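Accompanying notes for the structure given below.
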Amino acid sequence: MGSARRATACLTIALLFVCADAACIVGPKYVKPAVPTPPSYKEIEAPAVSGEWKHAEPQDQAARGRWWETFNDAQLNELEARLDVSNQTIAAAAANVQMARALVRGARAQYYPVVTAAPSIMNARIATGFGTTLGITYTNYSLPIEASWEPDLWGRVRNAVKSSTFAAQASVADLEAVRLSAQSELASDYYELRAQDTLRQLLDAAVDAYQEAFDLTYDRYVAGLESDQAVALAETQLKTTRAEMTSLGVLRAQYEHAIAVLCGEPPSAFSLAAQALPGRPPDVPVGIPSELLERRPDVAAGERAVAQANAQIGIAQSAFYPVVALSATLGFQNLTPADWLTWPSRIWSLGPSLVQTIFDGGSRRATVEQVQAGYDQVVANYRQTVLTAFQQVEDNLAALRILARVLDQENDAIASAERSLEDANVRYQSGLDSYLSVIVAQTALLNLQQAAVNTRAQQMVAAVQLIKALGGGWDATQIPTEQALGRNPPKGSNKTK
């Protein structure tokens with residue numbers, strides 16, 4: 058009866074622990090840090106540019122998932138699809154998410170008891186007296202099953218689960234940030250490559266025109282109507298432009314190689330046919346600044362990191378409280394194998410234990426201070442990420458606005474240069490001016506046309522960067538819950554759900 062009473066007392070204590078487990082959690086309650094959020098973007102609301110931007114509408118939300126499709130370029134659509142499957146940077150970030158998911162499951166395992174089995178067959182010899190060689194040899198057959206459990210009285214395990222969950226959610230947002238960065242880098246490289254193709258077309262047409270001019274000048278020289286200097290000038294212009302056209306191949310090759318690597322392919326097995334640069338970028342819907350906090354994956358990752366740092370404070374503070382554990386052993390033990398697993402050979406033990414640190418020289422307090430300082434650091438990083446996000450949106454809004462005006466001015470200058478070239482040709486053919494005036498007019502026109510192509514390329518890249526700055530259609534609702542993180546997605550998947 059005594060042993061039964063002791064067992065009942067132990068079970069009663071364990072039940073008390075379980076009741077206390079549901080009532081106490083140490084650590085500060087998480088509150089999302091406040092960040093400075095302007096009511097609107099300066100580039101949208103400024104009187105000089107009001108009406109130039111389209112505010113995001115509810116139906117626009119669905120189109121931003123595959124944001125590159127707004128550019129209406131089939132080749133870009135195909136490349137982006139290949140990137141999402143084969144890009145190795147995305148694959149590495151996806152593997153990091155898998156590791157974070159495993160850590161969540163590992164943390165949640167601490168809610169449950171640990172059960173171990175340690176069967177053994179041990180031969181031993183003991184002496185029967187001192188100074189003699191006589192003794193007893195025996196074999197001990199043992200099959201103990203041990204269980205231990207630490208009730209989460211102070212919320213240490215719950216805070217650990219929260220910490221690993223927030224870290225996993227941050228890794229999911231990091232994956233989407235990596236994905237968006239790779240997608241936007243591919244689109245930017247793609248339009249830079251198309252700019253090189255357009256410049257080549259422009260220079261190719263110029264070389265053809267300069268070849269005709271050189272042939273005409275040479276024929277006039279043979280006929281005695283033109284000087285050798287004019288022929289030399291025409292030949293110099295032709296060969297210089299031809300060399301400039303050839304040099305475009307360097308940048309084009311580099312952009313093509315960069316796109317190949319982004320798509321997970323070796324550059325030697327990848328090529329893109331030449332294609333002209335689009336005329337203008339698409340209209341990009343722009344929301345209000347407060348929406349940016351939910352649409353940027355890097356901002357979401359920073360906020361989840363703050364939540365994780367807050368949970369770490371609770372873990373550190375729980376070290377000031379005693380550690381309570383409940384352990385139990387059940388099994389069989391005997392000296393003969395025949396009686397090993399019989400009821401009289403049973404063994405058992407059950408009881409709680411408590412460990413409390415009395416003095417540690419301030420180690421625990423220093424740990425709490427360290428974790429709290431880490432929390433302050435993460436909050437500062439989060440706020441800086443938000444400020445940078447607002448800056449990037451404003452930068453690209455300004456770039457698109459200014460580049461549109463620059464392109465209009467360049468087109469006006471091109472029209473003027475074309476009239477100037479026509480006039481120079483008429484005056485040259487009439488004998489009023491030398492061929493040098495024609496070359497000057499041709500060079501001015503070509504330079505302006507090249508500048509216009511580069512401005513159009515900058516517009517396309519700025520549109521891509523604006524979409525990236527706005528989050529590319531992602532939003533924080535796509536971050537999986539703790540329950541979803543506990544389930545492992547199919548292997549080889551780069552998706553977060």
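Mapping of the sequence shown onto the working numbering: residues 58 to 554, in sequence order.
Each residue gets a CB set at the ideal place from its N, CA and C atoms; glycine is no exception.
This one's a predicted model, so the numbers in the text were calculated from it and none came from an experiment.
{"Item": "Answer with buried or exposed for Ala262, where buried requires no fewer than 16 other C-beta atoms within 10 angstroms of its C-beta.", "Value": "exposed"}
{"Item": "Roughly how far, in whole angstroms, is the beta-carbon of Val435 from the beta-carbon of Leu523, given that I think they are within contact range, below 8 Å?", "Value": "Between Leu523 and Val435 the Cβ distance is about 28 Å, and since that is not below 8 Å, they are no contact."}
{"Item": "Where do the ends of the alpha helix (DSSP H) carrying Thr303 lie?", "Value": "Asp285 to Leu319"}
{"Item": "Please work out which residues of its chain come closer than 8 Å, Cβ to Cβ, to Lys99, disregarding the five sequence neighbours upstream and downstream, and give them in chain order.", "Value": "Glu451"}
{"Item": "Should Ile404 go down as buried or exposed, given a rule of 16 or more other Cβ atoms within 10 Å for buried?", "Value": "exposed"}
{"Item": "Tell me whether Leu200 is buried or exposed, calling it buried when 16 or more other Cβ atoms sit within 10 Å of its Cβ.", "Value": "buried"}
{"Item": "Using CA atoms only, rank isn't needed, just tell me which of Ala289, Glu137 and Val412 is closest to Val521.", "Value": "Glu137"}
{"Item": "Count the other C-beta atoms from every protein chain shown that fall within 10 angstroms of the C-beta of Lys89, then say buried if there are 16 or more, exposed otherwise.", "Value": "exposed"}
{"Item": "Name the residue from Ala166, Asn197 and Ala164 whose alpha carbon lies nearest to the alpha carbon of Asn180.", "Value": "Asn197"}
{"Item": "For Ser352, I'd like the list of residues in its chain whose CB is within less than 7 Å of its CB, leaving aside the five on either flank, ordered along the chain.", "Value": "Note on identity: in this sequence residue 352 is Arg, with Ser being the wrong assignment. Closer than 7 Å at Cβ, skipping near neighbours: Leu527, Gly528, Trp531 and Asp532."}
{"Item": "Out of Asp272, Arg421 and Leu259, which one is the CA nearest neighbour of Thr303?", "Value": "Leu259"}
{"Item": "Quick one: give me the first and last residue of the alpha helix (DSSP H) that Leu256 is part of.", "Value": "Arg213 to Val279"}
{"Item": "Thinking Ala315 and Asp246 are a contact (beta carbons under 8 Å), I'd like their distance in whole angstroms, please.", "Value": "5 Å"}
{"Item": "Assuming Thr534 is part of the beta strand (DSSP E), what are its boundary residues?", "Value": "Here Thr534 belongs to no beta strand (DSSP E), and DSSP marks it neither H nor E."}
{"Item": "At the level of alpha carbons, what is the spacing between Val229 and Ala362?", "Value": "12 Å"}
{"Item": "Does any residue of chain D bring its CB to less than 7 Å from the CB of Asp265?", "Value": "The structure shown contains no chain D; it is built from a single protein chain."}
{"Item": "For the alpha helix (DSSP H) that Phe447 lies in, which residues bound it at each end?", "Value": "Ser420 to Gln486"}
{"Item": "For Val356, is the classification buried or exposed, using 16 other Cβ atoms within 10 angstroms of its Cβ as the cut-off for buried?", "Value": "buried"}
{"Item": "Under 8 Å Cβ to Cβ from Thr534, same chain only, skipping five residues before and after it: list those, please.", "Value": "Glu351"}
{"Item": "Ignore the nearest five residues each way along the sequence and tell me which others in Ala509's own chain have a CB closer than 8 Å to its CB.", "Value": "Leu464, Glu467, Asn468 and Ile471"}
{"Item": "Assign Pro354 to buried or exposed, taking buried as 16 or more other Cβ atoms, counted over all protein chains shown, within 10 Å of its Cβ.", "Value": "buried"}
{"Item": "In chain order, which alpha helix (DSSP H) runs of at least 4 residues are fully inside the region 115 to 152?", "Value": "117 to 120 and 131 to 143"}
{"Item": "Using CA atoms only, rank isn't needed, just tell me which of Trp206, Ser205, Ala266 and Ala166 is closest to Lys219.", "Value": "Ala166"}
{"Item": "Find the nearest neighbour of Asp265 within the set Thr512, Tyr87, Ser325 and Gln499, judged by alpha-carbon distance.", "Value": "Gln499"}
{"Item": "Using 8 Å for Cβ pairs, my map puts Thr424 next to Ala376. What's the rounded Cβ distance?", "Value": "7 Å"}
{"Item": "Under 6 Å: does the beta carbon of Asp490 sit that close to some heavy atom of the ligand PLP?", "Value": "No copy of the ligand PLP occurs in the structure displayed, which carries no ligand at all."}
{"Item": "Please list the terminal residues of the continuous alpha helix (DSSP H) segment that includes Ala1.", "Value": "Since the first residue shown for the chain is 58 and the last is 554, residue 1 is missing from the structure and cannot be characterised."}
{"Item": "Using C-beta distances below 7 Å, list every residue in its chain close to Thr359, excluding the 5 sequence neighbours before and after it, in chain order.", "Value": "Before going further, note that residue 359 is Gly rather than Thr in the sequence given. Excluding residues within five positions, the ones whose Cβ falls inside 7 Å are Asn438, Tyr439 and Thr442."}
{"Item": "Please report the distance separating the alpha-carbon of Ala368 from that of Glu426.", "Value": "14 Å"}
{"Item": "For Val171, report the span of its beta strand (DSSP E) as first-last.", "Value": "Val171 to Ala174"}
{"Item": "Could you tell me whether the Cβ atoms of Pro339 and Thr127 are closer together than 7 Å?", "Value": "yes"}
{"Item": "So Leu478 and Leu502 are supposed to be a Cβ contact under 8 Å. How far apart are they, rounded?", "Value": "5 Å"}
{"Item": "Three-state secondary structure (DSSP) at Gln413?", "Value": "coil"}
{"Item": "With the cut-off set at 7 Å, would you say Ala204 and Leu140 are in Cβ contact?", "Value": "no"}
{"Item": "Count the other C-beta atoms from every protein chain shown that fall within 10 angstroms of the C-beta of Ile415, then say buried if there are 16 or more, exposed otherwise.", "Value": "exposed"}
{"Item": "Name the DSSP beta bridge partners of Glu203, please?", "Value": "Thr173 and Thr386"}
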